[in-house]
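Residue numbers for the sequence shown follow this note's numbering, so the first one is 1 and each next one is one higher. For reference, the structure discussed in these notes is given below.
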Amino acid sequence: MCGIIAIAASERRKDLGLLLTEALKRLEYRGYDSVGIAVIDGGDLYIAKNVGTVESVAKSEDFAAFSGSVGIGHTRWATHGAPTRENAHPHVDCTKKIAIVHNGIIENYAELRDMLKSRGHTFTSDTDTEVIPHLIEEIKSSGLDTYSAFKKAVSMLKGTFAIVAIDSDDARKIFFARRVSPLIIGIGVNTVLASSDIVSILPFTRNVIVLNDDELGYAEPGKVFIEVINGTPVDIASRVQRVEYSIEEFSRGPYEHYMIKEIREQPYALSQTISGLVSARDEVDKSIKILRDSSTIYIVGAGSSYHASLAGALYLRYHGFKAHAVVASEANIHLRGLRAEDAVVAVSQSGETIDTLLAVRESKKKGARVIAIVNNPLSTIAREADTHIYMRSGPEICVAATKTFTSQVATLLYLGSTLADDSLRTPKALEALKKLPYVAASIIESTEERVKVLAKRMSSAQSAYYLGRAFGYPISAEAALKIKEVAYVHAEAYPAGESKHGPISLVVNGFPVVFTVIGELDELIEGNIEEMKSRGAYVVTVLPTNRVTPTIVNNSNEVIQLPQVPLEVSLVTYVIPHQLLAYYTALERGYNPDKPRNLAKTVTVF
Ligand code: GLU
Numbered sequence: 001m002c003g004i005i006a007i008a009a010s011e012r013r014k015d016l017g018l019l020l021t022e023a024l025k026r027l028e029y030r031g032y033d034s035v036g037i038a039v040i041d042g043g044d045l046y047i048a049k050n051v052g053t054v055e056s057v058a059k060s061e062d063f064a065a066f067s068g069s070v071g072i073g074h075t076r077w078a079t080h081g082a083p084t085r086e087n088a089h090p091h092v093d094c095t096k097k098i099a100i101v102h103n104g105i106i107e108n109y110a111e112l113r114d115m116l117k118s119r120g121h122t123f124t125s126d127t128d129t130e131v132i133p134h135l136i137e138e139i140k141s142s143g144l145d146t147y148s149a150f151k152k153a154v155s156m157l158k159g160t161f162a163i164v165a166i167d168s169d170d171a172r173k174i175f176f177a178r179r180v181s182p183l184i185i186g187i188g189v190n191t192v193l194a195s196s197d198i199v200s201i202l203p204f205t206r207n208v209i210v211l212n213d214d215e216l217g218y219a220e221p222g223k224v225f226i227e228v229i230n231g232t233p234v235d236i237a238s239r240v241q242r243v244e245y246s247i248e249e250f251s252r253g254p255y256e257h258y259m260i261k262e263i264r265e266q267p268y269a270l271s272q273t274i275s276g277l278v279s280a281r282d283e284v285d286k287s288i289k290i291l292r293d294s295s296t297i298y299i300v301g302a303g304s305s306y307h308a309s310l311a312g313a314l315y316l317r318y319h320g321f322k323a324h325a326v327v328a329s330e331a332n333i334h335l336r337g338l339r340a341e342d343a344v345v346a347v348s349q350s351g352e353t354i355d356t357l358l359a360v361r362e363s364k365k366k367g368a369r370v371i372a373i374v375n376n377p378l379s380t381i382a383r384e385a386d387t388h389i390y391m392r393s394g395p396e397i398c399v400a401a402t403k404t405f406t407s408q409v410a411t412l413l414y415l416g417s418t419l420a421d422d423s424l425r426t427p428k429a430l431e432a433l434k435k436l437p438y439v440a441a442s443i444i445e446s447t448e449e450r451v452k453v454l455a456k457r458m459s460s461a462q463s464a465y466y467l468g469r470a471f472g473y474p475i476s477a478e479a480a481l482k483i484k485e486v487a488y489v490h491a492e493a494y495p496a497g498e499s500k501h502g503p504i505s506l507v508v509n510g511f512p513v514v515f516t517v518i519g520e521l522d523e524l525i526e527g528n529i530e531e532m533k534s535r536g537a538y539v540v541t542v543l544p545t546n547r548v549t550p551t552i553v554n555n556s557n558e559v560i561q562l563p564q565v566p567l568e569v570s571l572v573t574y575v576i577p578h579q580l581l582a583y584y585t586a587l588e589r590g591y592n593p594d595k596p597r598n599l600a601k602t603v604t605v606f
């Protein structure tokens with residue numbers, strides 16, 4: 001889940017270290033245990049790396065002092081070897097001429113390392129990655145040029161990788177290869193770039209090529225060469241795409257954190273999602289046809305996308321369809337019975353989540369039709385699915401998903417309600433979905449101050465339960481995930497009726513229990529609230545105004561009232577006070593919600 005960047009400029013740049021630093025800051029959401037850069041300047045390779053954030057390492061290692069015409073950078077999320085200086089990327093060969101950065105896992109690294117050690121190579125890290133520069137060095141020693149050696153080395157690697165290499169023997173080029181882990185080439189006027197994400201390419205150019213699996217090549221300003229590993233050349237002109245995003249959308253603006261910016265952007269993001277759905281008729285019609293012709297619908301996602309899948313599947317079941325939500329990392333078991341007449345909906349913000357991607361591939365092998373719901377139309381999942389729906393939520397930088405979660409649920413409900421209504425595209429539900437931006441805005445407006453106060457109370461909690469019945473459960477699951485992710489409060493979500501079957505034994509005086517009442521199928525929840533209160537729980541109830549009863553008020557320490565709206569709207573928007581609660585609890589506890597420890601946004605390793 002690392003972020004990688006490479007820049008090749010047409011002339012020596014005094015600010016190359018600064019350019020790499022800026023690019024790495026944009027990629028930091030992908031991993032942030034250690035950081036490093038390598039440049040070639042005047043024919044020599046220079047390298048600097050250490051443990052810490054981009055900002056701290058750039059300062060301590062003085063990245064600003066690095067100049068040159070070619071450079072690579074890396075922000076790491078360790079898979080093999082602890083986060084130490086030695087294990088930080090870039091990694092180099094014995095001669096310190098070749099430097100590489102890598103995202104992914106080299107599965108056969110142990111045997112390659114043994115072979116290379118027996119050939120006299122010295123290793124200085126515990127990473128899987130370090131075999132790559134030594135392998136290139138070894139192959140080069142038989143007389144091959146850098147690209148031929150790079151290609152041969154790549155063909156010997158098993159596993160997943162996005163790799164960029166530089167070599168002071170061929171000092172104008174960057175060499176790149178991709179299998180599963182994402183890699184994008186940016187083609188500017190005086191620069192070419194390679195990066196894990198468009199976000200770091202955009203300051204230079206909007207013209208990009210998204211590499212496919214098993215493609216590799218090299219680039220220097222004015223020349224890009226790409227081929228498939230089997231030698232089939234790639235026609236560059238036909239592959240160049242223009243990116244729609246503008247760089248301003250990536251800035252934090254006046255907000256203290258991306259998380260609050262993205263929470264507050266939800267009215268806008270939802271309006272973009274809905275108008276996109278209304279205008280993208282081809283994709284939506286194709287998706288509806290796939291769903292209508294299917295026997296069973298499987299909705300696959302990981303993390304927040306899984307919770308969105310839960311909401312979508314429940315909504316479809318509510319309308320009588322056969323639908324299941326599947327955790328992407330377990331899809332190979334859950335999809336074992338998948339048949340060609342079934343449909344799979346792959347939900348992934350980045351469109352690169354590896355478990356979801358593998359589920360897509362497996363599903364296609366079995367002949368099932370696949371619809372992707374993504375926030376990146378150029379992503380691998382979008383490209384490999386039979387059709388994709390682009391959510392248009394705008395870039396989401398905070399590791400914890402907020403606006404993309406609500407856009408995912410809105411998209412699934414849009415498809416579900418269209419499917420449920422045979423008259424296509426004029427159902428009541430669709431009218432209701434158009435109200436999403438207004439309802440989202442009013443919920444933010446009406447709950448934020450209240451939630452700030454509640455966050456002070458939550459900040460002293462060790463654990464909390466989040467309970468809801470039926471549609472309240474997926475929201476509770478997402479709410480619990482949020483507070484866990486960013487505020488490090490241990491939180492567990494349960495269907496409220498299940499709480500009697502075990503969880504309630506933990507409830508003692510002051511234990512926080514947060515109920516979400518959606519208004520559908522919720523008749524029995526009053527009893528659950530009472531049960532918790534009578535055991536001393538600190539009860540918070542989030543519910544629509546029309547469901548407020550004296551019993552609920554008497555048994556709740558906090559009541560957060562939300563607008564009474566149709567199910568399609570509450571199921572999307574009632575998570576918002578929970579997102580705010582997680583955010584303000586993180587602040588109360590002194591944590592940076594944008595960078596939760598051990599987490600990375602785009603999970604491209606198993
Ligand atoms: N396997 C490499 C390492 O641990 C790269 C990790 C990643 O891409 O997350 O350094």
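From the three backbone atoms N, C-alpha and C, an ideal C-beta is built for every residue, glycine too.
For this session: Buried or exposed for K158, please, with buried defined as at least 16 other CB atoms from any protein chain shown within 10 angstroms of its CB.
Result: For the purposes of this step, residue 158 is taken as the residue at position 158 of the sequence shown. Flag for K158 reads exposed.
Problem set entry | Cutoff 8 Å: P133 Cβ touching any chain C Cβ | No chain C appears in the structure shown, which is made up of a single protein chain.
Exercise. Sorry if obvious, but does the Cβ on H121 come closer than 7 Å to a heavy atom of the ligand GLU?
Worked result: Mapped onto the sequence shown, residue 121 falls at position 121. Not under cutoff, so the answer is no.
Exercise. Going by the CB atoms, is the gap between S329 and D355 shorter than 8 Å?
Worked result: Numbered from its first residue, the sequence shown carries residue 355 at position 355. Numbered from its first residue, the sequence shown carries residue 329 at position 329. Between D355 and S329, the C-beta gap is smaller than 8 Å, which places the two residues in contact.
Exercise. Which class does P503 belong to by DSSP, given the choice of helix, strand or coil?
Worked result: Translated into positions along the sequence shown, residue 503 becomes position 503. Here P503 sits in helix by DSSP.
For this session: Count the other CB atoms, across all protein chains shown, that sit within 10 Å of the CB of A110; report buried if there are 16 or more and exposed otherwise.
Result: Within the sequence shown, residue 110 is the residue found at index 110, counting from 1. Exposed.
Exercise. Which residue spans inside the segment 117 to 170 form an unbroken beta strand (DSSP E) run of at least 3?
Worked result: 159 to 167
Exercise. Per DSSP, what kind of secondary structure is K456 in: helix, strand or coil?
Worked result: In the sequence shown, residue 456 corresponds to position 456, counting from 1. The answer is helix: DSSP assigns K456 an H, G or I state.
Problem set entry | Local conformation of D594 per DSSP, three classes | Looking up residue 594 in the sequence shown gives position 594. It is coil, neither helix nor strand.
Exercise. Out of curiosity, what's the CA-to-CA distance linking A401 and G472?
Worked result: The residue given as residue 401 occupies position 401 in the sequence shown. The residue given as residue 472 occupies position 472 in the sequence shown. Cα to Cα, A401 sits roughly 19 Å from G472.
For this session: Would you check whether the ligand GLU has a heavy atom nearer than 7 Å to the C-beta of I105?
Result: For the purposes of this step, residue 105 is taken as residue 105 along the sequence shown, with counting starting at 1. It does: the Cβ of I105 is within 7 Å (strictly closer) of some heavy atom of the ligand GLU.
For this session: Go ahead and pull the three-state DSSP assignment for D293.
Result: Looking up residue 293 in the sequence shown gives position 293. Correct three-state label for D293: coil.
Problem set entry | Cβ neighbours of T549 in the same chain (closer than 7 Å, five flanking residues each side left out) | Your numbering for residue 549 matches position 549 in the sequence shown. Same-chain partners within the cutoff: E526.
Exercise. With a cut-off of 8 Å, do at least 3 Cβ pairs link the segment 341 to 361 to the segment 557 to 565?
Worked result: no
For this session: Go through the segment 335 to 370 residue by residue and report every complete run of the beta strand (DSSP E) that reaches 3 residues or more, in order.
Result: 343 to 348
Exercise. Taking just the CA atoms, how far does I163 sit from S423?
Worked result: Mapped onto the sequence shown, residue 423 falls at position 423. Mapped onto the sequence shown, residue 163 falls at position 163. Caution is warranted here: a pLDDT of 48 is assigned to S423, below 50, making its placement in the model unreliable, and the coordinate value is therefore given only provisionally. Approximately 50 Å, taken between the alpha carbons.
Exercise. Sorted by chain position, which residues of the same chain lie with C-beta nearer than 6 Å to H121's C-beta, five sequence neighbours on each side aside?
Worked result: Here the question's residue 121 lines up with position 121 in the sequence shown. The residues are C94, H134.
Exercise. Going straight from the alpha carbon of L183 to that of S196, what length do you get?
Worked result: Counting from 1 along the sequence shown, the entry for residue 183 is found at position 183. Counting from 1 along the sequence shown, the entry for residue 196 is found at position 196. Their backbone Cα atoms lie some 5 Å apart in a straight line.
Problem set entry | Helix, strand or coil at L216 according to DSSP, with G and I counted as helix | Mapped onto the sequence shown, residue 216 falls at position 216. Residue state, collapsed to three classes: strand.
Exercise. What's the call for I373, buried or exposed, on a 16-neighbour Cβ count within 10 Å?
Worked result: By 1-based counting over the sequence shown, the position of residue 373 is 373. It is buried - the Cβ of I373 has at least 16 other Cβ atoms within 10 Å.
Exercise. The ligand GLU heavy atoms versus the CB of C2: any closer than 7 Å?
Worked result: Position 2 of the sequence shown, counted from the start, is the residue given in the question as residue 2. Checking the Cβ of C2 against the ligand GLU gives yes.
Exercise. Any idea what DSSP makes of E520, helix, strand or coil?
Worked result: Stepping through the sequence shown from its first residue, residue 520 is reached at position 520. In the structure shown, E520 sits in coil (DSSP, three-state: anything other than H, G, I, E or B).
For this session: Starting from the C-beta of K220, find all residues in its chain whose C-beta is less than 7 Å away, skip the five residues before and the five after it, and write them out in chain order.
Result: For the purposes of this step, residue 220 is taken as residue 220 along the sequence shown, with counting starting at 1. Reading off the sequence, residue 220 comes out as Glu, not Lys. Correct list, in chain order: A8, R172, K173, V192.
Problem set entry | Spatial neighbours of L454 in its chain, beta-carbon cut-off 7 Å, leaving aside the 5 residues before and after | One-based indexing of the sequence shown puts residue 454 at position 454. Around L454: V540, E558, L581.
Exercise. Out of D33, V70, G52, which has the shortest C-alpha to C-alpha gap to L18?
Worked result: Position 18 of the sequence shown, counted from the first residue, corresponds to residue 18. If you compare the alpha carbons of D33, V70, G52 with that of L18, the shortest gap goes to V70.
Problem set entry | Near the ligand MG: H134 beta-carbon under 7 Å from a heavy atom | The model depicted lacks the ligand MG and carries the ligand GLU instead.
Problem set entry | With 16 other Cβ atoms within 10 Å as the buried cut-off, status of R13 | Numbered from 1 along the sequence shown, position 13 holds the residue referred to as residue 13. Flag for R13 reads buried.
Problem set entry | Proximity below 8 Å, CB of L571 to CB of V513 | As a working mapping, residue 571 is identified with position 571 in the sequence shown. As a working mapping, residue 513 is identified with position 513 in the sequence shown. No, Cβ-Cβ distance for L571 and V513 is not below 8 Å.
Exercise. So who's on the other strand from Y466, going by DSSP bridges?
Worked result: For the purposes of this step, residue 466 is taken as the residue at position 466 of the sequence shown. A493, V514.
Problem set entry | Close beta carbons around K595, own chain, < 7 Å, minus the five adjacent residues each side | Counting from 1 along the sequence shown, the entry for residue 595 is found at position 595. So the qualifying residues of the chain are Y32, V399.
For this session: Count the CB pairs spanning the segment 478 to 488 and the segment 575 to 590 that are closer than 8 Å, and state whether there are at least three.
Result: yes
Problem set entry | Beta carbon of S348 nearer than 8 Å to that of I397 | What you label residue 348 is simply residue 348 of the sequence shown in a count that begins at 1. What you label residue 397 is simply residue 397 of the sequence shown in a count that begins at 1. Result no, Cβ atoms of S348 and I397 do not sit closer than 8 Å.
Problem set entry | Rounded C-alpha distance that separates P474 from A491 | Sequence index remark: in the sequence shown, residue 474 carries index 474 (1-based). Sequence index remark: in the sequence shown, residue 491 carries index 491 (1-based). So the two alpha carbons sit approximately 14 Å from each other.
For this session: Measure the alpha-carbon distance for T426 versus E341 and round it to whole angstroms.
Result: Translated into the one-based positions of the sequence shown, residue 426 becomes position 426. Translated into the one-based positions of the sequence shown, residue 341 becomes position 341. Interpretation of T426 is limited by its pLDDT of 49, a score under 50 that renders its predicted location unreliable; the figure taken from the coordinates is listed afterwards. Taking the CA atoms as reference points, T426 sits about 27 Å from E341.
For this session: Run the proximity test for A78: is its beta-carbon closer than 7 Å to any non-hydrogen atom belonging to the ligand GLU?
Result: Sequence index remark: in the sequence shown, residue 78 carries index 78 (1-based). Yes.
Exercise. Does the ligand GLU have a heavy atom nearer than 7 Å to the CB of H307?
Worked result: By 1-based counting over the sequence shown, the position of residue 307 is 307. For the ligand GLU, not one heavy atom lies less than 7 Å from the Cβ of H307.
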